[in-house]
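Here is the structure we will look at, set down as structure tokens.
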Amino acid sequence: MHKIAIILFPGSNCHLESYRAVKQAGLAPEIFRWNDDYQKLKDFDGYFIVGGFSYEDRIRSGAIAGRDPVMSVIKEQADLGKPVLGICNGAQILVESGLIPGLKSGDLGAGLAWNDHGYLNIWVRIKNEAPAGRSAFNNFPADHHFALPIAHGEGRWAVPAEVLAQLQENGQCVFRYCDVAAQVKNEYPVNPNGTMSNLAGVCNPQGNVLALMPHPERTADGQVIFESMRQYLEAGSQKLETGNKSRLRTQALNVQEKVELKKYKKSDKAYEFLVDLIITDNEAETLQVALDNLGYPQVKVSRLTHFEVGVDKKSADLTDELIRSGELLNTNKEIAYVDDRVKLKARAYKILVRYKDDFFGPAKLATLNNRLSLKSVKSVKQGVVWQLECKEDVWQKILASHILFNPYVQEAQLIAAQDR
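Numbering (this note's numbering) for the sequence shown: 8 to 427.
Here it is as structure tokens:
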């Protein structure tokens, strides 16, 4: 019986139903925790990265786990043709690791952005849009569709148009959201999260790795995916020439997003809030550990929450009202520096990261305007300032790793050089 490693990171919480689904498909599941001996992973025939909130979604969903040492071994095993399935947070991890969509360089090639309808815990339908057996997880007729739940806040696929075109040409858009008549419609709730091209699940060019946002392990109808995984393993090299790279069905995608960082410039009619924690910053400490694991142990990390608040006219009273509102900070554990950059470290590289679709800033603006009647506030932009004290060559390598930001769903700006 083929052994499947159920991969758990700190915060993973879907392992029991995942274990059950794999077992019911006639495979032998075994829990594998992130802190076990990585070399043991080579003894497994396949891998299932389960859902949950790995590392509490610190930095962004999947960013830390996607660069965990465990994933380096899984990448090696995926290159041998072994099947790798990532569900929900597992899909986010596969994207952040670079396994999906599968750029030729192996670098980050996609993102999963915040849903345009917020966090969703609902039932949806998906259909198989690829020929049967195109991947290790869809060995059933094209157009087969079924209902299954989703439970995520960041599930909206974001890839450049040229990458999407290659995905479609390669048959990598395996699963799409559809209605009860199997019609793909770009409208809510058929497309529940506003994802491009109704994408629900994408495989790598070789077809042995699948990132799927809905949860097939939570419904009997979803067993076809796990049964396909078993059939793929039983067929061995007859499917995708397991372990023989020269016989893989398609070539890796040869596209990469070029990112140019601009310098941040605040609007003259806006406050700059730099919000600092006065308790332990777990997110900064997690990034510190992740950088250690990536081979950058001499980096000092700190973090500030950043708000750019556009107003009609600045005043001391308005500043006080914004602080007292509780929308921009929790004064029990945070302190705000308003138009005061004293917390920006002179010797650190500083980068402001925001989501391209910032749903949080406008939500705070609505509260300030409507519930608190602060009508003079005209805009709110929310982000994070990362400060890294390190050498120039290390800084460039960290930027290239994209651990600080995903350019497909986020934008980054450098704090001016004179402030470094």
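Positions of the beta carbon are idealized from the N, C-alpha and C atoms, including for glycine.
Please name the residue in the options whose C-alpha comes closest to that of residue i.
i, options, result
"F505", "V170, G162 and N135", "Here the chain covers residues 8 to 427 and nothing more, so residue 505 does not appear."
"D86", "G214, H9 and T374", "G214"
"A353", "V29, S309, Q84 and G88", "S309"
"D283", "S408, L335 and L379", "L335"
"I358", "Y278, I410, N200 and R331", "I410"
"V197", "I422, M203, S204 and Y184", "Y184"
"F55", "G33, Y26, D44 and D75", "Y26"
"Q417", "L395, Y362 and L381", "Y362"
"Y356", "I71, T326, K404 and V102", "K404"
"V401", "D299, D123 and N193", "D299"
"S19", "A32, F60, E194 and L268", "F60"
"V434", "S322, A291 and D347", "Outside the shown range of the chain, which is 8 to 427, sits residue 434, and nothing can be said about it."
"K30", "W393, P108 and E224", "E224"
"K89", "K49, S104, E315 and D347", "K49"
"E399", "Y303, H313 and A373", "Y303"
"W393", "I94, C21, D114 and Q295", "Q295"
"L406", "V209, D114, E234 and A370", "D114"
"R348", "K320, T312 and K371", "T312"
"F3", "N146, L171, V187 and E103", "Summary: the structure shown does not reach residue 3, with the chain confined to residues 8 through 427, and so no result is reported for it."
"A117", "V209, S383, G243 and L92", "V209"
"G73", "E83, G105 and I94", "G105"
"S386", "A373, L101 and D64", "A373"
"P369", "F314, L421, A139 and N337", "F314"
"K321", "E103, S383 and A189", "S383"
Since residue i sits in a beta bridge, which residues does DSSP pair it with?
i, result
"W130", "P156"
"A120", "R163"
"C185", "R132"
"F55", "I13 and L92"
"I38", "I13"
"S309", "Q394"
"I81", "Answer by DSSP bridge pairing: none, since I81 is not bridged."
"G113", "Its beta-bridge partners do not exist; DSSP assigns none."
"C210", "L217"
"Q403", "Q403 pairs with nothing; no bridge assigned."
"I422", "For I422, which the question treats as bridged, DSSP gives no partner whatsoever."
"Y362", "Q417"
"K357", "Q394"
"S469", "In this structure the chain extends from 8 to 427, so residue 469 is not present and cannot be described."
Leaving out five residues before and five after residue i in sequence, what residues of the same chain have Cβ atoms less than 6 Å from its Cβ?
i, result
"C397", "V306"
"Y126", "G160"
"L34", "H9, I11 and R237"
"H151", "N135"
"A423", "K270"
"K371", "E334 and V387"
"V80", "Y45 and L48"
Whose C-beta lies closer than 8 Å to the C-beta of residue i among residues of the same chain, with five residues either side of it excluded?
i, result
"Q425", "In this predicted model, Q425 has a pLDDT of only 48, less than 50, meaning its place in the structure is not dependable; the value taken from the coordinates is given anyway. Counting only Cβ-Cβ distances below 8 Å, and skipping sequence neighbours, we find nothing."
"K47", "F39"
"E37", "K10, I11, A12, I13 and F51"
"T326", "Y278 and V345"
"L6", "Residue coverage of the chain in this structure runs from 8 to 427, which leaves residue 6 outside it and unanswerable."
"N122", "H159, G160, E161, G162, R163, P199, N200 and G201"
How close, in whole Å, do the beta carbons of residue i and residue j come, if the pair is a contact with beta carbons under 8 Å?
i, j, result
"N96", "G69", "6 Å"
"A120", "A165", "5 Å"
"P156", "T226", "7 Å"
"M236", "A137", "So it is not a contact: roughly 15 Å between Cβ atoms."
"R141", "V181", "6 Å"
"V318", "K276", "6 Å"
"V191", "N205", "5 Å"
"Q179", "P212", "7 Å"
"V216", "I107", "6 Å"
"P17", "Y45", "Between Y45 and P17 the Cβ distance is about 16 Å, and since that is not below 8 Å, they are no contact."
"K350", "L281", "5 Å"
"L470", "G53", "With the chain covering only 8 through 427, there is no way to say anything about residue 470."
"V77", "C21", "Wrong, their Cβ atoms sit about 17 Å apart, outside the cutoff."
"L301", "L421", "The Cβ separation is near 21 Å, so there is no contact."
Could you tell me whether any non-hydrogen atom of the ligand COA is closer than 7 Å to the CB of residue i?
i, result
"I56", "This structure lacks the ligand COA, and indeed carries no ligand of any kind."
Suppose the cutoff is 7 Å on Cβ atoms and the five residues either side in sequence are ignored; what does the same chain contact list for residue i look like?
i, result
"D365", "K388 and Q389"
"I285", "K340, E341 and I342"
"P221", "V131, I133, L155, P156, I157 and A207"
"V431", "Beyond the ends of the chain as shown, which are 8 and 427, falls residue 431; an answer cannot be given."
"D288", "R310"
"L171", "M203 and S204"
"Q245", "Note that Q245 scores a pLDDT of 47, beneath 50, so its modelled location is shaky; the value from the coordinates is reported in the next line. None."
Restricting to runs no shorter than 3 residues, where is the beta strand (DSSP E) found entirely within the stretch 366-398?
384-396
Every unbroken alpha helix (DSSP H) inside the stretch 269-347 [4 residues or more]
289-300 and 323-331
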